[in-house]
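Working notes for the structure below.
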Amino acid sequence: MNLLRLARDPDLGVRSIAVDALAPHRDGVRELLTVGALGVSERIAAHTLLRLSGSTVNAVETDPAVLAHLALLDDVVAGRAPSPTITGPLSNPTRRDLTGLRVLGKTGLAVRPFGLSGAHGLSFDDFAEANDRGVNLFFWEPSHRELTRFLRARAPRDAVVVAGTYHADAASIERDVVRTLRTLRRDAVDVFLAFWTRSSARLDEVVGPLRALVDRGLVRAAGVSTHDRTLACEAADRGLDVVMVRHSAAHRGAESAVFPHCEARGTGVLTFSNLCYGRMLHRSPVTPTAVTGPDCYRYSLSQPGVHACIAAPRRYSELMEDLAVLDSPLLDPARLAELRVHGDNVYRRSKAWTEEAWGVADATLRHDVATPVDRHWTDEPGLPLTDSW
Numbered sequence: 005m006n007l008l009r010l011a012r013d014p015d016l017g018v019r020s021i022a023v024d025a026l027a028p029h030r031d032g033v034r035e036l037l038t039v040g041a042l043g044v045s046e047r048i049a050a051h052t053l054l055r056l057s058g059s060t061v062n063a064v065e066t067d068p069a070v071l072a073h074l075a076l077l078d079d080v081v082a083g084r085a086p087s088p089t090i091t092g093p094l095s096n097p098t099r100r101d102l103t104g105l106r107v108l109g110k111t112g113l114a115v116r117p118f119g120l121s122g123a124h125g126l127s128f129d130d131f132a133e134a135n136d137r138g139v140n141l142f143f144w145e146p147s148h149r150e151l152t153r154f155l156r157a158r159a160p161r162d163a164v165v166v167a168g169t170y171h172a173d174a175a176s177i178e179r180d181v182v183r184t185l186r187t188l189r190r191d192a193v194d195v196f197l198a199f200w201t202r203s204s205a206r207l208d209e210v211v212g213p214l215r216a217l218v219d220r221g222l223v224r225a226a227g228v229s230t231h232d233r234t235l236a237c238e239a240a241d242r243g244l245d246v247v248m249v250r251h252s253a254a255h256r257g258a259e260s261a262v263f264p265h266c267e268a269r270g271t272g273v274l275t276f277s278n279l280c281y282g283r284m285l286h287r288s289p290v291t292p293t294a295v296t297g298p299d300c301y302r303y304s305l306s307q308p309g310v311h312a313c314i315a316a317p318r319r320y321s322e323l324m325e326d327l328a329v330l331d332s333p334l335l336d337p338a339r340l341a342e343l344r345v346h347g348d349n350v351y352r353r354s355k356a357w358t359e360e361a362w363g364v365a366d367a368t369l370r371h372d373v374a375t376p377v378d379r380h381w382t383d384e385p386g387l388p389l390t391d392s393w
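With the first letter of the sequence shown counted as 1, position 266 gets the number 270 in the working numbering; the numbers rise by one all the way through.
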């Protein structure tokens with residue numbers, strides 16, 4: 005039973021040693037579980053050991069904590085996101101609340117559905133407050149100075165870090181991984197992506213080096229970020245762990261082309277550009293009520309197969325508004341339908357703007373259909389915009 009307690013130790017090294025020591029004793033662990041000789045924490049450890057090894061467990065559970073853990077284990081084994089539920093507001097907004105975790109595909113990484121990028125104007129204290137409110141997913145690049153300071157000050161178990169590279173050759177990719185580890189003072193990068201993957205040729209180049217880094221333990225999960233839905237599916241087919249794709253109510257192609265494909269393969273899915281470069285936040289005559297940033301993030305999080313979205317509020321007030329997504333990450337069916345109608349309007353307007361930029365005006369669309377609701381929301385924050393190292 006001491007080994008079972010150690011299998012739940014906060015220290016990863018202690019847990020690993022305990023799990024290895026328990027492996028030959030699965031039958032004894034199963035018997036202890038069946039006769040009810042274990043406490044709650046020990047039962048959780050026992051179920052984890054047996055379930056992940058494929059062993060059958062006949063013990064009947066009634067404890068809520070154990071039942072919740074078993075549900076999470078089912079999702080880990082199946083490689084799917086847990087079915088999230090809408091929760092009420094935090095009774096104490098400063099208290100860490102890590103309910104509502106979603107397992108990122110088969111990676112085993114448990115994340116809150118709303119993640120933050122360091123791309124814009126948030127401070128160290130802003131990131132710390134978001135972390136205290138429950139945000140544990142952070143998109144990082146070397147230019148994100150405040151996020152760098154924050155991640156250096158936080159224990160690795162408190163933050164799942166998504167980083168990446170713009171390179172394709174093995175030496176450069178490894179160099180970027182090593183620099184990330186050194187800069188953030190970590191032993192491994194949680195999720196490492198090949199940014200801006202736009203061709204099968206680049207995918208061919210990066211798959212091998214990324215897998216090798218996972219095998220060496222320098223990276224826990226590897227994948228790509230891309231706007232190309234076909235490439236996202238190809239990455240899943242090639243066995244990469246995570247894809248990060250554009251998705252909004254104005255660009256819904258991933259809902260049929262990417263999300264089911266990845267869900268069937270246990271691939272983790274992160275979404276970005278949920279605001280469609282701020283255009284989703286422009287008023288339109290087809291939307292009865294104003295569309296907010298949280299609406300846009302919830303729209304993406306309501307899609308089966310999506311594990312988390314990445315945003316980068318520009319200021320504290322935006323962050324506070326966005327954090328409401330943690331407490332209620334889903335939209336009801338009526339609001340989902342409203343956002344689809346609004347998204348269709350935004351798509352038509354975006355297409356017209358593109359045609360005009362190339363000298364092909366669309367005379368069928370009026371130019372006053374949409375007006376900015378607020379300069380507070382102008383650009384989509386969830387994109388990796390900077391150069392490499």
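Note that CB positions come from ideal geometry on N, CA and C, so glycine has one too.
Note that the structure is predicted; figures quoted are calculated from it, not measured.
Check                                                                                                                                                                    : Outcome
Measure the alpha-carbon distance for V33 versus S176 and round it to whole angstroms.                                                                                   : 46 Å
Should A25 be labelled buried (16 or more other beta-carbon atoms within 10 Å of its own) or exposed?                                                                    : exposed
Where does the unbroken beta strand (DSSP E) through T275 begin, and where does it stop?                                                                                 : 272-276
Under a three-way DSSP split, which group does R190 fall into?                                                                                                           : coil
Are at least three pairs of beta-carbons, each pair with one atom in the segment 196-213 and one in the segment 230-243, less than 8 Å apart?                            : yes
Suppose the cutoff is 6 Å on Cβ atoms and the five residues either side in sequence are ignored; what does the same chain contact list for T111 look like?               : A225, D245, G272
So, helix, strand or coil for I21, using DSSP?                                                                                                                           : helix
Relative to the alpha-carbon of D129, which residue among V107, A157, L214, S288 has its alpha-carbon at the smallest distance?                                          : A157
Need the endpoints of the beta strand (DSSP E) that M398 sits in, please.                                                                                                : The structure shown does not extend to residue 398, since the chain is modelled only from 5 to 393, so the question has no answer here.
Return yes when the Cβ of G122 is within less than 8 Å of the Cβ of Y313, no when it is not.                                                                             : Here the sequence assigns Cys to residue 313, which means Tyr is not the residue at that position. No, these two residues do not count as a Cβ contact at 8 Å.
Just to confirm before moving on: does the CB-CB distance between V181 and F199 stay below 8 Å?                                                                          : no
According to the neighbour-count rule (16 or more other Cβ atoms, all chains shown, within 10 Å of its Cβ), is G257 buried or exposed?                                   : exposed
List the whole-angstrom C-beta distance separating R106 from H311, where the pair is believed to meet the contact cut-off of C-beta under 8 Å.                           : 5 Å
Rounded to whole angstroms, what is the Cα-Cα separation between N140 and D191?                                                                                          : 18 Å
I need the boundaries of the alpha helix (DSSP H) containing G212, first residue and last residue.                                                                       : 204-219
Tell me, please, whether the segment 131-150 touches the segment 327-347 by the rule of three or more beta-carbon pairs shorter than 8 Å.                                : yes
Hey, would you say P213 sits closer than 8 Å to E259, going by beta carbons?                                                                                             : no
Excluding the 5 residues preceding and the 5 following R302 in the sequence, name in chain order all residues of the same chain whose CB lies nearer than 7 Å to its CB. : V329, P333, L334, L335
Under DSSP, the beta strand (DSSP E) around A315 begins and ends at which residues?                                                                                      : 312-315
Can you check DSSP and say which residues form a bridge with F118?                                                                                                       : C313
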